[in-house]
Structures are given as C-alpha cells and as structure tokens.
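Going line by line, the protein sequences match chains C and L.
Taking numbering that gives the first Met the number 0, the leading residue of the first sequence gets 0, the next gets one more, and so forth.
Taking numbering that gives the first Met the number 0, the leading residue of the second sequence gets 0, the next gets one more, and so forth.
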Amino acid sequence: MSNNLKRLTFATGALLLAVALFSVGYILLPLFSLIKQSFLPDGISSSLFSVRAYAEILRSTFFEAALNSIGISLCSVIGSAIAGIFFAYVFHNFDFPLKAIFSKLVLVPLALPPLVGVISFMFLIGESGMLTRGIAALLGIAPSHFALQGWWGIVAVHVYSFYVYFYLFTSSALNQLSESHGSVIDASLSLGASRAVTIRRIILPMLTPSFVGASLITFMASMASFSAPFLFGGTTRFLTLEIYTAKLNGNDANAAAFAVLLSMVSVGFLLLLRWYQSRKSYLRVTKGSSRRSTVPHSAAARFIAVAVALIVVGLFSLPVIAIIILSFVKEGSWTYQILPDTFTAQNFIKLFSDTHVFEPVTNSVEMAFVATAIVVFIGVCTSFLVVRNKFIGKRLLELLMNVPFGIPGTVIAVGLILSFNHPSFFSAQSILVGTFWILPLAYAVRNLPILFRSTASGLESVDPSLEEAAMTLGSTGWRIFKKITLPLLFSSIVSGALLVFINSLGEFVSSILLYSYNTRPISIEILSQLRLYNVGGAAAYCTLLMVLVMAAVGISSKISRATLAE
Amino acid sequence: MADLSLRNISKSFGKVQAVAPLNLEIHSGEFFSLLGPSGCGKTTLLRIVAGLEQPATGSLFLNQKDITALPPQKRNIGLVFQNYALFPHMTVFQNVAYGLEVLNRTKAEIRTKVISVLEKVQLDGKQSVAVPNLSGGEQQRVALARALVVEPQVLLFDEPLSNLDYALRLETRSVIRRLQKETGITNIYVTHDQSEALAISDRIAVMNSGAIQQIGTPQELYFSPANRFVASFIGHANFFSAEICRSCFGIQAIGENEVLVVLPEEISIERQMESTSKVESISTLPSDGKANGKIIDVQFSGAVVEYVIDFFHQRITATCSSAKHSGDLQIGSEVAVSLSGKNNRKVSREQ
Ligand SMILES: Nc1ncnc2c1ncn2[C@@H]1O[C@H](COP(=O)(O)OP(=O)(O)OP(=O)(O)O)[C@@H](O)[C@H]1O
Ligand SMILES: [Mg+2]
C-alpha cells in the first residue's frame with residue numbers, strides 16, 4: 000500500500016537540478032550536436048539545412064557497411080546462442096569434477112576488456128597466431144587458407160565476448176524454472192512425454208523470453224562493437240569503423256550522419272528490448288518448496304556433453320594464457336616461430352621502472368576513478384529521485400539515463416567532440432576536447448545506465464515503510480538516507496560501481512577518438528605498442544590490465560562483505 | 000497524556016475516496032480501535048494521523064494543537080507497521096536505539112532505556128541478534144519496543160498481529176494491552192478482526208467504505224448496533240423482516256422499513272419430530288411464535304456449535320454451547336426456530 004511517492008523538497012529539488020543538467024548537457028546535447036552536424040549546410044547551396052552528408056554516405060559505403068554490421072551481428076547472435084545455451088544447459092544439468100572452477104572460467108570474457116580479448120585472438124587464431132601457425136605446420140598448408148580474419152574473425156571474437164549474455168540469461172532462467180516450476184518438468188515426464196518432447200514443448204517455450212532478451216543485447220553489442228572490426232576485420236567495412244574513418248578524415252558531417260543512422264538502429268533495438276521485457280514472462284516466483292528438477296539423460300549423453308563443454312571452456316581460457324605468455328616475449332624476438340622462444344621479464348621491469356611507460360596506467364586508473372565517482376553520484380541520485388519521488392519529467396529522465404545503453408561508444412565520443420570542441424555552458428566556457436576531462440566524462444556517460452539500473456532495482460526492493468518507520472521515529476531526509484537506505488543499497492551500488500570501473504579501465508572505443516598524448520589510457524598505449532610491433536610490451540600492458548581488473552573485483556567483494564558483516 | 004481530535008478529515012486517491020470526511024475524538028490514555036473490512040480506509044486514516052499522508056480536507060489536533068501541517072518527524076506519534084518494517088541491516092539493539100540516537104541521547108542513557116524496554120517486551124538477552132534471525136512474534140515485539148522507547152504521545156498500530164499464528168496473536172495482544180495500561184499512552188489500533196477489537200479496546204470505531212459507521216464501547220457495538228453493517232460485522236447478526244417478525248414470532252412493534260437484529264446465540268432451535276406439511280408462504284402461518292426451518296450445515300468449533308438454517312429461503316445462523324448440542328440436530332433435520340432474549344433491537348432495512 001506504500002506506493003506513495005514523495006513530493007520534491009528543497010534538497011531533492013537541488014539534486015534533481017544537478018542530474019537534469021548532467022543528462023541534458025552530456026547525454027541529450029551531444030546527440031543534438033550530432034544530428035545538427037549531420038544536416039550542416041554544405042556551403043554550396045544557400046539553405047540552412049542540407050542532406051548532403053546522408054546522400055554522400057548512402058551513395059558510397061553505407062549499405063556495404065550496414066549489411067556487414069547486420070550480417071556479422073546476426074551471426075554473432077547465433078554463435079553466442081549456441082555456445083551460451085549449451086554451456087548453461089550442461090552446467091545446470093550435470094555434475095562433474097572441478098565444476099566450481101569451470102563455472103568461473105565460463106565467465107572470464109565478462110571481466111576481460113574487449114580490446115584485450117581481440118588482441119589475444121589475433122595472436123592465437125589470427126594469420127600469424129600461435130594456433131594458426133601450429134596447425135599450418137602440422138598440416139603443411141599456408142595459414143592464409145584457414146586463418147580466421149575479416150568477417151568470420153569478427154564473428155569469432157564476438158561469440159567469445161558475448162556468449163556470456165546467453166549463458167547468464169539461460170542459467171538464471173533454468174534455475175528459476177527448476178526452482179519454481181520443477182513440477183512442470185516432472186509433470187510432463189509423468190504424463191509419458193519423452194525427454195525430447197519435454198525439452199521442445201515445455202522447457203524451450205518457457206525459456207524463450209530469456210533467449211529473446213539475450214539475443215537483443217548481443218545484437219546491440221555486436222552492432223556497437225569497435226575493437227574487433229578495427230583490429231581484426233582487415234578490410235571489412237563496419238558501421239562503427241566508418242564513423243571513425245570519416246572523423247579521422249576530418250569529415251565531421253559524414254561521421255555524424257553515419258552515427259545518426261547507426262544510433263537509429265541501436266535505439267530501435269533498445270526500445271524493442273524494453274518493450275519485450277515489459278511483457279510478462281512465464282517465469283514467476285511462486286510459493287512452495289523448491290527442489291531441483293532436471294531432465295534425466297543417458298550416461299553416454301552426459302559424458303559427451305560434459306567433455307565437449309569442458310574442452311570448449313578450456314579453449315576459452317586460452318586467450319588469457321596466450322596474453323600472459325606473450326607478455327614475457329622479448330621485443331622483436333617472436334617473428335615466425337610457432338611459439339615464442341626467448342622469454343624475459345624486461346617488459347614488466349620497464350613498465351614499472353620507467354615513469355613514462357607507466358604513465359598510461361596512472362592515467363587509466365585516475366580516469367576510471369573519476370568516471371566511477373561521477374557515475375555513482377549521478378546514478379545513485381537519479382535512481383533515488385526516480386524510484387522514491389514524483390515530479391514532472393520523471394519518465395524522460397529515466398529514458399535519458401537508459402539512452403547511452405543503446406548508443407555505440409563511437410557515437411557517444413563523436414557527440415561529445417562536436418559539443419565540446421567549442422566553449423559551452425556545460426564545460427564552464429572552456430574547450431573540453433583535448434583535455435583530461437573529456438575521457439572520464441565519456442566513460443561516465445557510457446556506463447551510467449549500468450549503475451542506474453542496478454541501483455534503481457536495488458532501491459525498488461527496499462521497502463519504503465522502512466523509511467517511513469524512520470520518519471515516525473523523528474529521523475529526517477539525509478539521516479534516513481545515510482542510515483537506512485544507503486546501507487541497504489550498498490551492495491548493489493558497489494557491484495554497479497565495480498562494472499563501471501572495470502569498463503573504464505580498459506575502455507578503448509571512445510578513447511581512441513578522445514585521447515591526447517598526455518592523457519592516453521592503457522588501451523591506446525597497447526595499440527601503439529602493437530603498431531611498433533612490440534608484442535611483448537603490448538601484452539604486458541594487457542596482463543597488467545587483467546591484474547587491475549582482478550584486484551578491483553577482489554577489493555569490491557571485500558568491501559561488500561565487510562559492510563555485510565558490520 | 001494526549002488526546003487527539005480529527006475534524007472533517009478526508010482523503011482520495013484519484014477517483015477512490017479512501018476516507019470520507021469524518022470526525023473523531025480520541026481521549027487521553029484510551030485504547031481506541033479502528034475496525035472494518037479490507038479496503039475501508041483504516042490504513043489511510045492511520046497514515047494521516049502519523050503524518051505520512053496529507054489529508055485532502057480537515058485538520059488534526061493533538062492536545063488542542065493543530066498538527067495537520069507538521070511532518071511525521073515532529074509529531075511524536077509512533078507507528079507499528081503490519082510488516083514490522085524493522086531495519087534488516089541492524090541488530091535488535093540498534094533497531095530499538097535508532098529513535099533515541101536521532102534525539103541525540105547519550106550512549107549510557109540509550110543503553111539503559113533500550114534494555115529496560117526490551118525487558119518489558121520480554122526480549123532481554125536478544126539485543127545483539129540480527130533481526131532477520133528472529134521469529135515473527137519476536138520481530139513484532141522489537142517493532143513495538145522500537146516505537147515505545149521514544150515515549151511517543153500516541154502509538155498507532157496497523158494490523159500488528161495479522162502475520163502471527165493464533166497462539167502468538169493472543170500472547171502479543173495481551174503484551175500490547177498490558178503495556179498500554181502501564182504507560183498510559185493513547186493507542187489507536189487498526190484491525191479487521193472483530194473479536195480482537197472487542198477484546199482489547201476501550202472504544203471502537205467501525206468503518207466501512209471510508210466512513211465511520213458507529214463509535215462506541217465493545218458492549219455498545221455488540222448489543223446496540225447503529226445499523227445493519229455494524230450488526231452483521233460485529234455480531235454476525237441475523238435480520239428478520241417485519242413480516243417474519245409478526246407472522247413467526249408474534250412481534251408487532253416493528254415498522255415496515257425496519258429489520259429485527261437477532262444475534263446467533265439468541266436463536267434457539269428444537270428438533271421437530273412430526274413432519275409437518277411444509278409451509279411455503281409466511282402469510283399462511285399460525286402466529287404461535289414458532290416457525291419451521293431446516294438445518295443445512297452444522298459446524299463444531301470447540302466451545303460453541305453453529306447451525307446454518309434455511310428459514311423461509313433466508314440463511315440464518317444460530318449458535319449454542321457445545322454442551323447443549325444434541326445428536327438429533329443434524330444436517331437435514333427439521334427444526335422449530337424461536338427467539339430468546341429481549342429482541343428489541345431494530346435497524347433500518349437498508350444496508
Ligand atoms: N497510495 C494509494 N494510491 C491509490 N489508492 C490507494 C492508495 N492507498 C490506498 N488506496 C486505496 O484506498 C482505499 C483504502 O485503502 P486502505 O489501505 O486505507 O484500506 P485498509 O482499510 O487499510 O485495508 P486493509 O485491511 O486491506 O489493509 C483502497 O481502495 C485502496 O485501494
Ligand atoms: Mg491496511
């Protein structure tokens with residue numbers, strides 16, 4: 000009965016003003032600048048408004064790039080679905096030795112910065128990759144005949160990075176299914192239905208909503224992907240790459256036009272996703288005993304399924320191993336052998352002793368902290384306002400908070416450049432492009448939806464009557480927030496902040512458009528080392544990045560546990 | 000300690016009128032209950048008193064002082080929630096101490112006060128338990144202690160016992176009643192359970208669809224209900240039309256627009272051995288004060304037995320003490336129905 004929303008007070012009004020300014024200045028206006036730029040007059044005709052940029056890109060490369068983007072994304076969805084659903088099914092239904100470790104390994108791509116994943120793929124299965132060379136030597140054929148590169152290479156990287164979505168969605172749905180609907184499976188079996196019929200008629204239809212959700216997210220992520228086509232795509236045209244190329248060539252209007260068209264596709268899918276999620280799903284938590292109920296399988300089927308799953312999961316951890324091996328490779332020593340043969344700790348020694356070499360690490364950590372701080376402040380305030388208060392424009396604010404989720408990082412970066420390459424009210428009349436601040440700002444905008452969603456749903460599960468109880472005991476706004484709401488929300492904030500921090504540490508997509516030499520983050524330095532053919536140096540940065548990510552994961556789970564125990 | 004007066008208070012949510020304009024005077028030190036069916040506006044009224052909801056019209060006076068505009072923090076009115084609303088991240092001690100910390104009391108004072116109130120609700124020794132680990136009854140008593148410890152002028156309860164089992168309900172109910180008598184705090188107690196309200200209240204207001212139907216002591220409500228709703232809600236009374244009263248029971252003093260209120264225990268029934276020809280119409284009945292019915296259900300519930308009787312196409316209920324229950328009163332038995340008691344309560348026909 001306590002769905003009573005509060006009116007704004009002076010304090011919450013001030014907060015609302017702050018988050019409204021942020022979302023207008025850094026989310027809405029960049030998108031406007033983008034659209035404006037894409038329709039900029041061409042100087043030839045005297046009109047205020049020109050479709051020249053659109054006409055030009057539609058005539059040249061747009062359709063090719065769009066077809067590739069869509070085709071690759073569809074294939075990525077199919078591949079990710081096969082891998083993710085298969086793993087989820089095996090891990091849910093079978094028990095095998097070391098299951099705990101393997102179920103962690105399955106999640107590795109989640110914590111691996113996309114750029115690191117792509118690079119490790121290059122050195123594994125690229126044209127000069129270790130696996131490729133090994134197989135070529137074994138079979139005696141040239142690597143170029145089967146090396147994964149270009150179109151299918153991108154798909155392979157995507158499947159590796161995105162199957163986790165399917166895995167997570169399917170496992171949580173399977174868990175729910177067997178907890179609350181275990182009897183459904185049993186009922187089907189007891190009615191004489193075979194295993195196949197039970198899977199096809201009962202389990203699959205009930206899992207469909209999760210599959211659709213995961214498909215849409217994977218599709219959006221693939222469309223927005225930049226690192227994979229950039230490093231691994233060869234000459235394959237891809238929409239995000241076209242934006243980048245046009246921007247580098249100084250053709251802002253064309254870059255903006257590409258960005259607008261790509262965003263329309265992505266936002267379309269975002270809206271589709273939200274619409275789909277708002278429909279009711281089959282899975283409901285019901286009362287009653289929860290016992291695990293699974294479909295029985297023959298011993299042979301179990302063995303094959305588990306064996307295949309473990310081999311593939313093992314293969315999936317190869318990229319990490321490859322990167323670690325490569326980080327010990329001496330500069331210029333690995334040329335055409337299958338595996339590198341001279342190893343040295345020199346790459347790490349240089350990294351930690353030369354302040355100049357270490358600078359990108361400091362930069363990335365600093366920028367990740369700044370971005371996380373911004374996101375936590377704006378995200379927590381907004382979810383508090385949206386979930387607990389009523390005011391005009393609430394829906395709009397909520398939408399704005401979700402928009403960056405649907406917009407590719409490349410587009411966000413171009414939008415920020417176009418808004419802040421001149422003095423603006425939102426940059427205190429200074430030019431942000433080229434400074435330190437534009438990078439954490441871009442990271443913050445890109446990651447805001449993650450924290451906003453986790454905090455808002457955490458807050459929705461905090462019973463408002465707790466706050467009311469505190470009110471009747473004499474407690475006022477800020478104290479209630481500090482003593483009651485915040486402690487209860489803490490773990491959702493920490494887990495959201497962790498993701499933001501990890502994503503910002505290895506961010507590449509918008510960094511590549513926004514960095515300057517003094518503010519270059521790790522990801523950019525990795526790229527420059529690659530360009531210098533210093534594989535070992537690049538891999539050392541990648542390894543350090545993975546260590547930092549693991550440290551962040553460790554620290555955040557410590558924090559969560561410490562506050563729980565308190 | 001504190002008297003509370005509600006003048007012309009009302010509240011609507013969109014088109015739903017949760018509370019119709021009403022007046023209520025609650026005396027100092029009184030145990031006052033709001034009783035009514037689900038959705039009748041009890042919680043809304045309670046939340047208005049606590050300050051968690053603003054009334055659409057009217058004003059609220061605490062000790063003759065207008066508190067309508069005061070926020071909940073400034074009212075010094077405690078509230079015990081139906082779902083307890085205990086802070087899940089705190090221990091029992093921290094929950095109870097919270098309100099005192101807000102008042103900036105010293106550590107030593109907080110300690111003594113918390114410990115003494117926990118003793119009162121029989122929770123001494125549980126200070127450092129995390130609240131999610133407590134049983135339902137214990138959680139309810141923590142909620143009570145948390146509200147009591149700040150010594151509010153008025154204490155509000157919103158169906159505080161509805162999540163407890165029967166035995167715990169009786170036990171916690173007597174704890175609440177005893178504490179109220181000891182402290183003299185004015186209590187407003189919301190419930191939809193009429194037997195609970197009758198048992199613990201000094202006075203009760205019966206509500207239906209946002210309006211107060213009657214205010215009175217438990218005895219007044221039970222024995223002289225103001226209208227049909229109160230009579231059926233409080234006593235599960237039977238209603239007999241003027242025609243039945245005259246023809247069957249020989250009662251003449253009743254108007255056409257009135258019905259006679261007869262409590263189940265005021266109906267006596269007797270097995271009718273010789274099977275008389277069934278009288279279908281009331282008008283053809285001899286007016287000897289006895290009439291025929293047929294038992295359609297018998298429910299034994301310990302102390303009393305309840306009979307549901309088909310009486311001239313109307314379902315009526317009669318109860319008698321189990322000791323008097325005789326084996327020949329079975330489903331399907333023909334019985335003679337008669338009235339005992341004074342039978343002078345009449346209310347308007349309208350619902
Ligand atoms: N915040 C709200 N928004 C809309 N309608 C509400 C709100 N709060 C209460 N109502 C409506 O007002 C009416 C009275 O609700 P209230 O909670 O006061 O009833 P109640 O007597 O406490 O019922 P119960 O015994 O079920 O708790 C109901 O019809 C309810 O649906
Ligand atoms: Mg209620």
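Every residue gets a Cβ at the ideal spot worked out from N, C-alpha and C, and that includes glycine.
Check: Ligand 1 heavy atom lying under 7 Å from the CB of V15(L); Outcome: yes
Check: Residue range of the unbroken alpha helix (DSSP H) whose run includes N401(C); Outcome: K393 to G405
Check: Entirely enclosed alpha helix (DSSP H) segments - the segment 116-157 of chain L, minimum 4 residues; Outcome: 135-147
Check: Near-chain C residues of the segment 176-200 of chain L (beta-carbon distance less than 8 Å), N- to C-terminal order; Outcome: none
Check: Neighbour-count burial assignment, N517(C), 16 or more Cβ in a 10 Å radius; Outcome: exposed
Check: Short-range partners of chain C found in the segment 321-348 of chain L, where Cβ spacing is below 7 Å; Outcome: none
Check: Short CB-CB distance (under 8 Å) between V87(L) and chain C; Outcome: Per the sequence presented here, residue 87(L) reads as Pro, with Val not at that position. Yes, because at least one Cβ of chain C sits closer than 8 Å to the Cβ of P87(L).
Check: DSSP beta-bridge partners of T316(L); Outcome: V307(L)
Check: Beta-carbon neighbours of I483(C), restricted to chain L and to distances below 7 Å; Outcome: F86
Check: Interface partners of S464(C) on chain L, CB under 8 Å; Outcome: F80, N82 and A84
Check: Assumed close pair L4(C), R530(C) - CB separation to whole angstroms, cut-off 8 Å; Outcome: That pair is no contact at about 54 Å.
Check: CA-to-CA distance, L504(C) to V364(C), given in whole angstroms; Outcome: 6 Å
Check: Continuous beta strand (DSSP E) stretch holding R6(L): start and end; Outcome: L3 to F12
Check: Whole-number beta carbon distance between R145(L) and T94(L), since they are thought to touch under 8 Å; Outcome: Residue identity differs from the one stated: residue 94(L) is Asn in this sequence, not Thr. That belief holds up - the Cβ atoms of N94(L) and R145(L) are roughly 5 Å apart, short of 8 Å.
Check: Check: S37(L) C-beta below 7 Å from any heavy atom of ligand 1; Outcome: yes
Check: Residue-level contact to chain C via CB, Q72(L), 8 Å cutoff; Outcome: yes
Check: As assigned by DSSP and simplified to three states, the class of Q251(L); Outcome: coil
Check: At least 3 beta-carbon pairs within less than 8 Å: the segment 448-465 of chain C vs the segment 487-503 of chain C; Outcome: yes
Check: N- and C-terminal bounds of the alpha helix (DSSP H) containing V211(C); Outcome: L203 to A223
Check: Contact check, P403(C) vs L447(C), beta carbons under 8 Å; Outcome: yes
Check: Closer than 7 Å at the beta carbon, the chain C residues around G98(L); Outcome: L472 and G473
Check: I153(C) to P142(C) span [Cα, whole Å]; Outcome: 17 Å
Check: Contact test: E158(L) Cβ vs ligand 2 heavy atom, cutoff 7 Å; Outcome: yes
Check: Closer than 8 Å to chain L by CB, P403(C); Outcome: no
Check: T56(L), enclosing beta strand (DSSP E) - first and last residue; Outcome: T56 to L61
Check: heavy atom of ligand 2 below 7 Å from T42(L) C-beta; Outcome: yes
Check: Burial state of S171(C) (16 or more Cβ within 10 Å); Outcome: exposed
Check: Residues of the segment 45-57 of chain L whose Cβ lies closer than 9 Å to any Cβ of chain C, in chain order; Outcome: R46, A49, G50, L51 and E52
Check: Three-state secondary structure (DSSP) of L160(L); Outcome: coil
Check: Chain L within 8 Å of K286(C), Cβ atoms only; Outcome: Residue confidence for K286(C) is low, a pLDDT of 37 falling below 50, so the modelled location carries little weight; the figure read from the coordinates is stated next. Not one chain L Cβ lies under 8 Å of K286(C).
Check: Nearest-angstrom Cβ-Cβ length linking T42(L) and P54(L), presumed shorter than 8 Å; Outcome: Not confirmed; about 14 Å, so no contact.
Check: Beta carbon proximity, A468(C) to chain L, threshold 8 Å; Outcome: yes
Check: Residues that N186(L) bridges to, as DSSP identifies them; Outcome: F30(L) and L154(L)
Check: Given A96(L) as reference, the closest of A469(C), T542(C), R452(C) and I242(C) once Cα atoms are compared; Outcome: A469(C)
Check: Beta-bridge partners of I568(C), as assigned by DSSP; Outcome: Because chain C spans 0 through 565 in this model, residue 568(C) falls outside it and cannot be assessed.
Check: For F507(C) and H157(C), the rounded distance between their alpha carbons; Outcome: 16 Å
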